[in-house]
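So the number in my numbering is just where the residue sits in the sequence shown, counting from 1, plus 291. A short worksheet on the structure shown next.
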Amino acid sequence: MAEITASMVKELREKTGAGMMDCKKALAECDGDMERAVDELRKRGQAVADKRGGRATREGLVFERTEGAVGVLVELNCETDFVARNDEFRAIGRDLADLLFQHGDQFTDPSQLMGFTSPEHGRTVSEILTEAIGKTGENMGVRRFVRLNADQNGPHGFITSYIHPPGKLGVLVEVHAGKPESLNNAGVRQLGRDLAMHIAAAAPVSISRNDVDPALVAREKKIYMEQAQHEGKPEKIWEKIAEGKLAKFYKQSCLLEQEFVKDPDQTIEQLVAAVGKAAGDTLTVARFERFEVGAGAEQEEA
């Protein structure tokens, strides 16, 4: 049996809000498996919140560059918030966003980026970071990046970005119109900004329920079924209860079904349709990316 340490109990408490003894017991029953322990607590109704993706543990900032049909997000990490506020750190982040905007279609992961020579600086990205590490005394690294090109999904598309102050959360959203003139429509452009800000606040996991990872749906349904069992509900209604909770999950997690944060009386789907109608066009949300500093780092390190 795996040793259950105080730090493991503390991490599980932070993830779920459950009591110390409940967390210790769940970890023991799950042989130290953190993800299984979270699920077990949720089944029992002891978790007060499902913090999707885990608690952010790394410092750093998210940087963007967006123009027309192309947009970039890059997460640059460091060890302390003090360095993240440093002007040189921010300058490196902006330079990386510019570099990825111009050349990002050549890379699929940060390791490939490290060996690329910046035309502006005449040095590789690895050398630039190494110099900054020497100056600050802190380790730095590019954790992830994404480059969206709306032209890959058809004509009349544009990318909008949003960085939430102080810079630890960034969003890209891709919108397509049916007519080229809609790209210059003020309402359509405002829709892009509103969608990006909404995604930052509401953290959807997909655009529609058809896009949700089937494994995630299966996991959620299993938890809901077992919750009903733990609550002593008759077995014949477990399926109905689970389906009802899944419908609520979709409304909370799918962008088009979410209530618009600036106007909860309408869904995002209704907002997109209304703006399209006002512009005399049909608009489509094609995809989005949402980076939050440190989010999911625990899973990567496991």
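Don't be surprised by glycine CBs; every beta carbon is placed ideally from N, CA and C. Predicted model only: the values in this text are computed from it and were never measured.
* Would you kindly work out how many angstroms separate the C-alpha atoms of D554 and F354, rounded to a whole number? => 28 Å
* If you draw a straight line from the alpha carbon of T415 to that of E422, how long is it in whole angstroms? -> The C-alpha of E422 is placed about 11 Å away from the C-alpha of T415.
* Can you tell me whether DSSP reads A586 as helix, strand or coil? -> coil
* **the stretch 407-414 touching the stretch 363-376, judged by at least three CB pairs closer than 8 Å** => no
* the stretch 299-317 / the stretch 417-432 touching (three or more Cβ pairs under 8 Å) -> no
* Asked: Nearest-angstrom Cα distance between D442 and V576?
  -> 14 Å
* F373 by DSSP, collapsed to three states: which one? -> helix
* **Beta-carbon spacing of I450, V464 below 9 Å** => yes
* Asked: Would you call the stretch 457-477 and the stretch 500-508 in contact, with 3 or more CB pairs under 8 Å?
  -> Fewer than three beta-carbon pairs drawn from the stretch 457-477 and the stretch 500-508 are found closer than 8 Å, and the two stretches are therefore not classed as touching.
* Asked: For T305, which residues does DSSP report across the bridge?
  -> Before going on, a small fix: residue 305 reads as Glu here, not Thr. In DSSP, E305 forms no bridge with anything.
* What residues match up with E366 in a beta bridge as DSSP calls it? -> V353, R435
* Asked: For the putative contact between R438 and L391, defined by C-beta atoms under 8 Å, what is the C-beta separation to the nearest angstrom?
  -> 6 Å
* Asked: Using the C-alpha atoms, what's the distance from P495 back to L546?
  -> 5 Å
* Who are the Cβ neighbours of N368 in its own chain at under 6 Å, not counting the five residues just before and after it? -> R349, G351, G432, R434
* **Identity of the residue in M312, K306, A293 nearest C321 by Cα** => A293
* Asked: Going by beta carbon distance, what residues of the same chain come within less than 7 Å of D330, once the five residues before and after it are set aside?
  -> I514
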